[in-house]
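Participant:
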Amino acid sequence: MVEPHTSLVTYQTPLFRAFPVSKPLIGPTFRLPSIIAMNQDEATENSSASANHDTSDTRHKAALSFILSSSDSESDTDAPKARKRDSLSEPTVAKRRRSMTPTASVVAPAPKPAAKKGSKFCTIEGCTSRAKHAKRCWKHGGWVRCKVPDCNNRAKSKGVCWSHGGGTVCSFENCDTIAVSNGFCWAHGGGKRCQVPKCSKPAYERTQNYCQTHYEEFAGADSKTK
Numbered sequence: 018m019v020e021p022h023t024s025l026v027t028y029q030t031p032l033f034r035a036f037p038v039s040k041p042l043i044g045p046t047f048r049l050p051s052i053i054a055m056n057q058d059e060a061t062e063n064s065s066a067s068a069n070h071d072t073s074d075t076r077h078k079a080a081l082s083f084i085l086s087s088s089d090s091e092s093d094t095d096a097p098k099a100r101k102r103d104s105l106s107e108p109t110v111a112k113r114r115r116s117m118t119p120t121a122s123v124v125a126p127a128p129k130p131a132a133k134k135g136s137k138f139c140t141i142e143g144c145t146s147r148a149k150h151a152k153r154c155w156k157h158g159g160w161v162r163c164k165v166p167d168c169n170n171r172a173k174s175k176g177v178c179w180s181h182g183g184g185t186v187c188s189f190e191n192c193d194t195i196a197v198s199n200g201f202c203w204a205h206g207g208g209k210r211c212q213v214p215k216c217s218k219p220a221y222e223r224t225q226n227y228c229q230t231h232y233e234e235f236a237g238a239d240s241k242t243k
């Protein structure tokens, strides 16, 4: 019996030919992480550059030369504004001063004319009494004399005085006396009465509302005290 040779191993040839396998294609999805990393590196570089630029600007602004130059530039820009304000304010102040200072050409106001008295008051200067006749009061001749010859009394009515029938007759029954006031004569309650209690005598303004008797008494007492 013949034994096969063990040193040589024989294999059967395959029926189909094996084609070589190519390397798998790497799609764009596998390259995204690398692109993102590149973008991140660029962003960090830009931020570091800007930070360095800011720090350099800060250091430059903090320098004494920059502060002095900026103050000089600000003063240069403020100077035209101040000059403009001064140029505007100076004419205004001058105008105000001209308007406030009196000038010699201003004419003093004319004095107001004295107020004229009405026709009801006496025309004599300084008199405030009512006019009775000829625009004058009784004290200044504003009265009419009695028509009776040689009578110097004042006419009351009808051109005659009381003594000659002038005035209004007393309204008391069967009384022909001239009424003094309120339509009555002295005897029937017309006219003023003495202000001394229990004195019914007639009083006058010239006797300070006293009767003639009491007026003389008080006048004599005053003269003695003086």
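Residue 18 is where the sequence shown starts when you use my numbering, and the numbers rise one by one after that. Each residue gets a CB set at the ideal place from its N, CA and C atoms; glycine is no exception.
1. Per the contact definition of three or more C-beta pairs closer than 8 angstroms, is the segment 151-162 in contact with the segment 170-180?
2. Taking buried to mean at least 16 other C-beta atoms within 10 Å of its own C-beta, is residue 133 buried or exposed?
3. Is residue 196 closer than 8 angstroms to residue 207 when the C-beta atoms are compared?
4. DSSP puts residue 220 in a beta bridge; with which residues?
5. Only counting the same chain, and skipping five residues up and downstream in sequence, which positions put a Cβ closer than 8 angstroms to that of residue 152?
6. Going by DSSP, what residues sit across from residue 150 in a beta bridge?
7. Is DSSP giving residue 189 helix, strand or coil here?
8. From this set, 201, 181, 224, 180, which residue's C-alpha is nearest residue 189's C-alpha?
9. Under a Cβ-count criterion, where at least 16 other Cβ atoms within 10 Å of its own Cβ denotes burial, should residue 177 be classed as buried or exposed?
10. So what does residue 141 bridge to, in DSSP terms?
11. Measure the alpha-carbon distance for residue 209 versus residue 237 and round it to whole angstroms.
12. Between which residues of its own chain and residue 192 is the CB-CB distance below 7 angstroms, once the five residues before and five after are set aside?
13. Pull up the DSSP beta-bridge partners for residue 177, would you.
14. Taking the alpha-carbon positions, what's the residue 230 to residue 143 distance?
15. Hey, is residue 141's beta-carbon within less than 8 angstroms of any beta-carbon in chain B?
16. Look at the alpha carbon of residue 239 and the alpha carbon of residue 227, and state the distance between them as a whole number of angstroms.
17. Rounded to a whole number of angstroms, what is the C-alpha to C-alpha distance between residue 212 and residue 150?
Facilitator: Short version:
1. With a cut-off of 8 angstroms, the segment 151-162 and the segment 170-180 count as touching, because enough Cβ pairs lie within range.
2. Any answer about residue 133 is weak, because its pLDDT of 48 lies below 50 and its placement is not dependable; what the coordinates show is given next. Taking a 10 Å sphere around the C-beta of residue 133, we find fewer than 16 other C-beta atoms and assign the residue as exposed.
3. The answer is yes: Cβ separation under 8 angstroms.
4. DSSP output for residue 220 lists 209 as bridge partner(s).
5. Within the same chain, 136, 139, 140, 159 come within 8 angstroms of residue 152 by CB-CB distance, once the 5 residues on both sides are set aside.
6. Per DSSP, 153.
7. Coil, per DSSP.
8. Cα-wise, what sits closest to residue 189 is 201.
9. By the neighbour-count rule (16 or more Cβ atoms within 10 Å), residue 177 is buried.
10. Residue 141 pairs with nothing; no bridge assigned.
11. A direct Cα-Cα distance of roughly 23 angstroms separates residue 209 from residue 237.
12. Hits under 7 angstroms: 202, 205.
13. The partner list for residue 177 (beta bridge, DSSP) reads 174.
14. Cα to Cα, residue 230 sits roughly 33 angstroms from residue 143.
15. Going by chain labels, chain B is absent from the structure shown, which holds only one protein chain.
16. Rounded to whole angstroms, residue 239 to residue 227 spans 15 angstroms at the Cα level.
17. About 31 angstroms.
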